[in-house]
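Peer 1: Following this message is one structure expressed as structure tokens.
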Amino acid sequence: MLQIPMNTDPDFAMAGGRLAERDLLIEVDDLRTHFFGGAGSIRAVDGVSFSIPRGKTVCVVGESGSGKSITGRSILNQVPRGGRIVSGAIRYRPDPAAPAIDLASLDPRGRDMRAIRGAQIGLISQEPMAALSPVHTIGNQMMEVIRLHLKMGKKEAREHAIETLALVGIPRPAERMDSYAFQFSGGMRQRVCIALALACRPKLLIADEPTTALDVTTQANILDLLGSLQAEFGLSVLFVTHDLGVVAEIADEVVVMYVGRVVEAGDVDTIFHAPAHPYTKALLQSVPRMHGQPTERLAIIEGMVPSRFARPQGCSFHPRCKQARAGLCDQRDPQSVGIGDGHVVSCLLYEGGQ
Amino acid sequence: MAVSQTPRSPLLELKDLRMHFPIRKGAFRHVVGHVKAVDGVSLRVEDGETLGIVGESGCGKSTLARTVLRIYQPTSGEIRYRDRSGGTVDLAALSGPALDEIHRDLRMVFQDPQSSLNPRLPVIDIIGEVLSVNGIVKGRELEHRVADLMLSVGLRPEYMRRYPHAFSGGERQRIGIARALASNPRLVIADEAVSALDVSVQAQTINLLQDLQEQFGLTYLFVAHDLSVVRHISDNIAVMYVGRVVEKAPTELIFSRPLHPYTEALLSAVPIADPRLRRHGTRIRLAGEVADPAHPPPGCPFHPRCRYATELCRQELPVLRTITADGHAAACHHAESLSLNPFADRTVPEFN
Ligand SMILES: Nc1ncnc2c1ncn2[C@@H]1O[C@H](COP(=O)(O)OP(=O)(O)OP(=O)(O)O)[C@@H](O)[C@H]1O
Ligand SMILES: Nc1ncnc2c1ncn2[C@@H]1O[C@H](COP(=O)(O)OP(=O)(O)OP(=O)(O)O)[C@@H](O)[C@H]1O
Ligand code: SF4
Ligand code: SF4
Ligand SMILES: [Mg+2]
Ligand SMILES: [Mg+2]
Numbered sequence: 001m002l003q004i005p006m007n008t009d010p011d012f013a014m015a016g017g018r019l020a021e022r023d024l025l026i027e028v029d030d031l032r033t034h035f036f037g038g039a040g041s042i043r044a045v046d047g048v049s050f051s052i053p054r055g056k057t058v059c060v061v062g063e064s065g066s067g068k069s070i071t072g073r074s075i076l077n078q079v080p081r082g083g084r085i086v087s088g089a090i091r092y093r094p095d096p097a098a099p100a101i102d103l104a105s106l107d108p109r110g111r112d113m114r115a116i117r118g119a120q121i122g123l124i125s126q127e128p129m130a131a132l133s134p135v136h137t138i139g140n141q142m143m144e145v146i147r148l149h150l151k152m153g154k155k156e157a158r159e160h161a162i163e164t165l166a167l168v169g170i171p172r173p174a175e176r177m178d179s180y181a182f183q184f185s186g187g188m189r190q191r192v193c194i195a196l197a198l199a200c201r202p203k204l205l206i207a208d209e210p211t212t213a214l215d216v217t218t219q220a221n222i223l224d225l226l227g228s229l230q231a232e233f234g235l236s237v238l239f240v241t242h243d244l245g246v247v248a249e250i251a252d253e254v255v256v257m258y259v260g261r262v263v264e265a266g267d268v269d270t271i272f273h274a275p276a277h278p279y280t281k282a283l284l285q286s287v288p289r290m291h292g293q294p295t296e297r298l299a300i301i302e303g304m305v306p307s308r309f310a311r312p313q314g315c316s317f318h319p320r321c322k323q324a325r326a327g328l329c330d331q332r333d334p335q336s337v338g339i340g341d342g343h344v345v346s347c348l349l350y351e352g353g354q
Numbered sequence: 355m356a357v358s359q360t361p362r363s364p365l366l367e368l369k370d371l372r373m374h375f376p377i378r379k380g381a382f383r384h385v386v387g388h389v390k391a392v393d394g395v396s397l398r399v400e401d402g403e404t405l406g407i408v409g410e411s412g413c414g415k416s417t418l419a420r421t422v423l424r425i426y427q428p429t430s431g432e433i434r435y436r437d438r439s440g441g442t443v444d445l446a447a448l449s450g451p452a453l454d455e456i457h458r459d460l461r462m463v464f465q466d467p468q469s470s471l472n473p474r475l476p477v478i479d480i481i482g483e484v485l486s487v488n489g490i491v492k493g494r495e496l497e498h499r500v501a502d503l504m505l506s507v508g509l510r511p512e513y514m515r516r517y518p519h520a521f522s523g524g525e526r527q528r529i530g531i532a533r534a535l536a537s538n539p540r541l542v543i544a545d546e547a548v549s550a551l552d553v554s555v556q557a558q559t560i561n562l563l564q565d566l567q568e569q570f571g572l573t574y575l576f577v578a579h580d581l582s583v584v585r586h587i588s589d590n591i592a593v594m595y596v597g598r599v600v601e602k603a604p605t606e607l608i609f610s611r612p613l614h615p616y617t618e619a620l621l622s623a624v625p626i627a628d629p630r631l632r633r634h635g636t637r638i639r640l641a642g643e644v645a646d647p648a649h650p651p652p653g654c655p656f657h658p659r660c661r662y663a664t665e666l667c668r669q670e671l672p673v674l675r676t677i678t679a680d681g682h683a684a685a686c687h688h689a690e691s692l693s694l695n696p697f698a699d700r701t702v703p704e705f706n
């Protein structure tokens with residue numbers, strides 16, 4: 001279900017009734033976002049399809065550099081310099097009754113996109129310091145966003161900003177309006193970023209490793225906070241993380257990425273307890289165990305992520321895959337196949353009647 | 355590395371270390387108070403040991419790390435370091451060239467790779483910086499050293515002429531680790547060094563850090579919030595709360611027999627990679643925020659959030675003291691009488 005079959009897919013019509021029932025806020029369809037530079041192009045996102053149901057949390061996991069952040073940035077239509085969306089669609093359906101808007105087809109700097117970005121789709125980034133201005137107070141940054149998108153006057157915007165800071169658990173919010181980012185600790189800074197992202201009460205929050213730099217008690221509080229905001233506003237969350245513990249706690253659905261592609265997607269229980277893709281299985285095994293003796297060495301996935309300039313032929317994972325079949329995996333490019341309710345995998349072992 | 359059998363001073367010993375930041379206000383920038391980010395920390399770190407440091411956001415872990423490295427001038431206290439000649443120096447009292455020399459021995463991997471890597475330098479210059487000062491290593495040799503370091507942290511040497519922005523967050527963190535290792539340090543302070551890495555690279559990096567430790571007799575101060583990582587890598591763990599160490603013990607004891615209520619809460623907040631367990635939440639939610647280090651509460655700084663607090667706790671500051679003979683220390687008035695939940699109480703069926 002997470003993977004969105006093309007209209008050309010015969011299964012689409014068959015599953016149509018069921019798929020249509022899913023109230024999807026975002027459908028990413030065969031998205032490709034590439035970077036163009038001196039050394040050649042980097043296919044950071046290379047044919048990614050998945051969807052985000054309204055009011056649900058979808059977690060994206062995967063190797064460093066697999067394109068998780070760029071997927072999130074593509075949904076915001078704010079790809080870093082040197083890169084752009086080259087093909088695919090990002091169907092955004094703020095109103096379930098109205099036709100979808102294809103974000104990928106909007107001009108990144110145009111008015112329509114700017115009205116959506118920051119207002120309807122908020123971002124909390126991996127590095128909170130980078131998202132906050134060092135020279136403007138938190139209050140001014142919040143008020144700027146609010147006044148721009150919600151067309152509020154100064155006084156009203158200020159009240160709205162204070163209210164939002166209180167909502168995310170900043171103590172003495174009125175006082176803290178005059179503080180600068182560096183005056184907050186890591187956890188508080190991330191709350192400020194959440195406040196900034198939520199200032200306009202968006203429909204989708206893209207959270208890119210928002211708790212990575214936080215300790216567990218603060219993380220637990222932030223995850224609780226996101227959960228309650230989700231319940232309150234019906235917020236959908238796209239949560240990028242490498243912490244499988246966090247995924248297990250908050251995800252409704254999980255998307256596993258490898259070198260710019262989705263290799264497996266499904267609901268959280270399936271991914272954790274019946275993973276199908278060899279990469280997902282290996283990933284789950286490399287988590288340090290909290291129980292039993294800490295082992296001398298962690299299980300690792302041998303080898304390195306392939307170079308973005310020289311993607312291996314066949315399945316990208318084959319040089320590192322323990323189940324790879326010579327003559328098959330190094331030749332053919334796996335397609336995604338549905339192997340269960342909402343469970344999609346992209347591995348040749350599952351192709352052909354499986 | 356030859357290990358001497360004679361008892362000797364630890365590699366690093368902090369004695370009542372304090373780092374207070376002045377709070378200034380008004381046109382004349384008068385000092386109106388102090389943020390007591392590190393407030394009387396005493397710790398011993400032995401050769402080849404990994405000391406994990408955990409604690410809530412803002413409790414002073416990074417400040418402690420930066421003070422040890424003398425990025426900050428400590429307010430008071432000592433940072434006793436045993437140098438290569440075997441003599442002990444107080445880093446708190448050093449300055450100028452003597453400090454620069456020490457900075458080759460003590461290296462840091464930072465929390466935030468975005469702001470700690472110079473965006474205008476290619477990776478070769480970032481990693482090789484410490485090697486090329488004074489032109490010690492240059493040209494081909496520098497390239498080879500950098501290539502070697504990149505490989506050892508799992509980066510492709512052919513990327514050495516690229517700039518940091520062209521790498522993902524995890525890749526940038528590995529650049530930071532390679533940079534820290536470049537000068538053959540003795541003590542590496544890793545401030546959330548593996549937090550930004552995804553699981554499989556994290557596993558590789560942890561294994562790498564452990565290999566390097568064995569190979570070069572490295573000592574680690576390992577600041578991290580991920581307790582499963584800290585548990586895996588640390589010999590001992592120090593738990594900090596508002597500028598102080600509130601519990602210190604060999605790793606297994608922290609998990610199997612916590613003696614400080616804050617540690618108990620911390621253990622209960624660890625997310626576990628099993629979605630079935632989320633419905634079995636036995637989590638202790640800490641109410642309120644971490645105490646403000648500019649105005650720590652009187653008595654035990656944890657008392658406003660502690661479910662075991664008594665009148666004594668509101669009055670008197672508990673000091674870190676050894677509670678049991680196996681080297682378990684805690685700063686809690688009631689450490690002997692409380693029976694706190696160990697981590698193992700949340701049992702997990704292993705997935706496969
Ligand atoms: N500004 C850029 N210019 C060129 N290439 C880039 C740029 N940003 C990212 N890339 C490349 O795009 C790919 C995907 O990067 P992305 O940041 O999405 O990875 P990620 O999955 O978020 O990784 P991480 O877990 O380390 O954050 C990487 O190979 C990266 O090197
Ligand atoms: N340069 C500074 N000037 C003033 N206050 C500071 C400075 N650096 C840190 N602080 C304050 O000192 C306290 C400790 O901060 P520190 O960054 O050491 O915490 P931390 O334990 O590393 O937190 P995190 O887990 O969020 O990284 C915080 O209250 C912080 O606001
Ligand atoms: S297609 Fe082959 S190489 Fe790729 S994951 Fe499946 S088994 Fe492994
Ligand atoms: S001293 Fe009192 S308030 Fe502090 S941790 Fe112990 S029981 Fe709790
Ligand atoms: Mg990323
Ligand atoms: Mg820190």
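Protein sequence lines correspond, in order, to chains A and B.
Per our numbering, residue 1 is the first one in the first sequence, and the count goes up by one each step.
Per our numbering, residue 355 is the first one in the second sequence, and the count goes up by one each step.
Ideal Cβ placement from N, Cα and C applies to all residues, glycine included.
Fair warning: this is a prediction, and the values are worked out from it, not measured in the lab.
Please state if the CB of alanine 544 of chain B and the CB of phenylalanine 576 of chain B are separated by a distance shorter than 8 Å.
Peer 2: Yes. Within cutoff.
Peer 1: Any beta-carbon of chain A closer than 8 Å to the one on glycine 409 of chain B?
Peer 2: At least one chain A Cβ lies under 8 Å of glycine 409 of chain B.
Peer 1: List, in order along the chain, the chain A residues whose C-beta lies closer than 8 Å to that of alanine 619 of chain B?
Peer 2: Correct list: Thr217.
Peer 1: Should serine 691 of chain B go down as buried or exposed, given a rule of 16 or more other Cβ atoms within 10 Å for buried?
Peer 2: It counts as exposed.
Peer 1: Residues of the stretch 570-582 of chain B in Cβ contact with chain E at a cutoff of 8 Å, in chain order, please.
Peer 2: The structure shown contains no chain E; the protein chains it does contain are A and B.
Peer 1: From arginine 311 of chain A to proline 625 of chain B, what distance separates their C-alpha atoms?
Peer 2: Looking at the two C-alpha atoms, the distance is approximately 35 Å.
Peer 1: Hey, is glutamate 525 of chain B's beta-carbon within less than 8 Å of any beta-carbon in chain A?
Peer 2: With 8 Å as the cut-off, glutamate 525 of chain B counts as an interface residue toward chain A.
Peer 1: Between the Cα of alanine 299 of chain A and the Cα atoms of B:Ile560, B:Glu606 and B:Leu631, which residue gives the shortest distance?
Peer 2: Cα-wise, what sits closest to alanine 299 of chain A is B:Ile560.
Peer 1: Measuring alpha carbon to alpha carbon, tell me which of B:His519, B:Arg458, B:Pro604 and B:Tyr517 ends up nearest alanine 534 of chain B.
Peer 2: Here the closest residue by C-alpha is B:Arg458.
Peer 1: To the nearest whole angstrom, what separates the beta carbons of leucine 25 of chain A and leucine 204 of chain A, a pair I think is in contact under 8 Å?
Peer 2: About 6 Å; that satisfies the 8 Å criterion.
Peer 1: Based on Cα-Cα distance, which residue from A:Asp178, A:Leu235 and A:Cys321 lies nearest to lysine 379 of chain B?
Peer 2: Residue A:Asp178 is the option with its Cα nearest to lysine 379 of chain B.
Peer 1: Are there 16 or more other CB atoms within 10 angstroms of the CB of leucine 226 of chain A, so buried, or fewer, so exposed?
Peer 2: By the neighbour-count rule (16 or more Cβ atoms within 10 Å), leucine 226 of chain A is buried.
Peer 1: Looking at the C-beta of aspartate 479 of chain B, does it have a partner C-beta in chain A at a distance below 8 Å?
Peer 2: No - not a single Cβ of chain A is within 8 Å of the one on aspartate 479 of chain B.
Peer 1: Given methionine 355 of chain B, which residues of its chain have a CB within under 6 Å of its CB, disregarding the five upstream and five downstream residues?
Peer 2: For methionine 355 of chain B, the pLDDT reaches just 44, beneath the cut-off of 50, and the residue's location in the model is therefore unreliable, leaving the point undetermined.
Peer 1: Which value, in whole angstroms, describes the spacing of the CA atoms of glutamate 704 of chain B and valine 247 of chain A?
Peer 2: For glutamate 704 of chain B, the pLDDT reaches just 45, beneath the cut-off of 50, and the residue's location in the model is therefore unreliable, leaving the point undetermined.
Peer 1: Closer than 8 Å, Cβ to Cβ, to anything on chain B: give me those residues from the stretch 261-290 of chain A, in chain order.
Peer 2: So the close ones are Val268, Asp269, Phe272, His273, Ala282, Leu283, Leu284, Ser286, Val287, Pro288, Arg289 and Met290.
Peer 1: Closer than 6 Å by C-beta to proline 108 of chain A: which residues in its own chain qualify, once you throw out the five before and the five after it? Chain order, please.
Peer 2: So the qualifying residues of the chain are Asn77.
Peer 1: The alpha helix (DSSP H) spanning leucine 24 of chain A covers which residue range?
Peer 2: Per DSSP, leucine 24 of chain A belongs to no alpha helix (DSSP H); it is in the beta strand (DSSP E), 24-37.
Peer 1: In chain B, which residues lie less than 7 Å from arginine 297 of chain A when you measure between Cβ atoms?
Peer 2: Residues of chain B passing the Cβ test: Asn561.
Peer 1: With aspartate 459 of chain B as the anchor, note down where its alpha helix (DSSP H) starts and where it stops.
Peer 2: Its alpha helix (DSSP H) spans residues 450-459.
Peer 1: Take the Cβ of glutamine 313 of chain A as the centre, count every other Cβ of all protein chains shown within 10 Å, and call the residue buried at 16 or more, exposed below.
Peer 2: So glutamine 313 of chain A counts as exposed.
Peer 1: How would you write the range of the alpha helix (DSSP H) that threonine 241 of chain A sits in, first residue to last?
Peer 2: Per DSSP, threonine 241 of chain A belongs to no alpha helix (DSSP H) and is neither H nor E.
Peer 1: Sort B:Val386, B:Val395, B:Glu665 and B:Ala391 by Cα distance to glycine 370 of chain B and report the nearest one.
Peer 2: Position check: residue 370 of chain B holds aspartate in this sequence, whereas glycine was assumed. The option with the nearest alpha carbon to aspartate 370 of chain B is B:Val395.
Peer 1: Counting pairs of beta carbons, one from the stretch 58-72 of chain A and one from the stretch 257-275 of chain A, are three or more of them closer than 8 Å?
Peer 2: They touch, by the three-pair rule.
Peer 1: Determine which residues of the stretch 224-248 of chain A have a Cβ less than 8 Å from any Cβ of chain B, and write them out in chain order.
Peer 2: The residues in question are Asp224, His242, Asp243, Leu244, Gly245, Val246, Val247 and Ala248.
Peer 1: Which complete alpha helix (DSSP H) runs does the stretch 651-685 of chain B hold, if anything under 4 residues is left out?
Peer 2: Whole alpha helix (DSSP H) segments, 4+ residues: 665-669.
Peer 1: Which residues, in chain order, sit with a beta-carbon under 5 Å away from any heavy atom of ligand 4?
Peer 2: Answer in sequence order: B:Pro615, B:Cys654, B:Phe656, B:His657, B:Cys660, B:Tyr662, B:Ala663, B:Cys667, B:Pro672, B:Cys686, B:His687 and B:His688.
Peer 1: In the stretch 52-105 of chain A, which residue ranges form an unbroken alpha helix (DSSP H) of at least 4 residues, counting only runs that do not cross its ends?
Peer 2: Correct list: 68-75.
Peer 1: For leucine 640 of chain B, return the contacting residues in chain A, with the cut-off set at a CB-CB distance below 8 Å.
Peer 2: Those are Thr217 and Asn221, listed as they occur along chain A.
Peer 1: Would you verify that the beta carbon of isoleucine 543 of chain B is, or is not, closer than 8 Å to some beta carbon of chain A?
Peer 2: No, isoleucine 543 of chain B does not count as interfacial toward chain A.
Peer 1: Would you call the stretch 40-57 of chain A and the stretch 112-130 of chain A touching, i.e. three or more CB-CB distances under 8 Å?
Peer 2: No, they do not touch.
Peer 1: Cβ atoms of valine 477 of chain B and tyrosine 531 of chain B: under 8 Å apart, would you say?
Peer 2: According to the sequence shown, residue 531 of chain B is isoleucine rather than tyrosine. Against a cut-off of 8 Å, the Cβ pair of valine 477 of chain B and isoleucine 531 of chain B comes out as no contact.
Peer 1: Sorted by chain position, which residues of the same chain lie with C-beta nearer than 8 Å to methionine 14 of chain A's C-beta, five sequence neighbours on each side aside?
Peer 2: With a pLDDT of 40 at methionine 14 of chain A, under the threshold of 50, the predicted position of this residue should be treated as unreliable, though the coordinate-derived value follows. Excluding positions up to five away in sequence, the list is empty.
Peer 1: Report the neighbours of proline 629 of chain B on chain A: residues whose CB is nearer than 7 Å to its CB, in chain order.
Peer 2: The contacting residues are Ala248, Val268, Asp269 and Phe272.
Peer 1: Can you tell me the Cβ-Cβ gap for glycine 83 of chain A and phenylalanine 35 of chain A, rounded? I've got them flagged as a contact below 8 Å.
Peer 2: Correct: roughly 4 Å between the Cβ atoms.
Peer 1: Please list, in chain order, all residues of the same chain as valine 263 of chain A whose beta carbon is under 6 Å from its beta carbon, the five residues on each side excluded.
Peer 2: So the list reads Val256, His277, Tyr279 and Ser346, once near-sequence residues are dropped.
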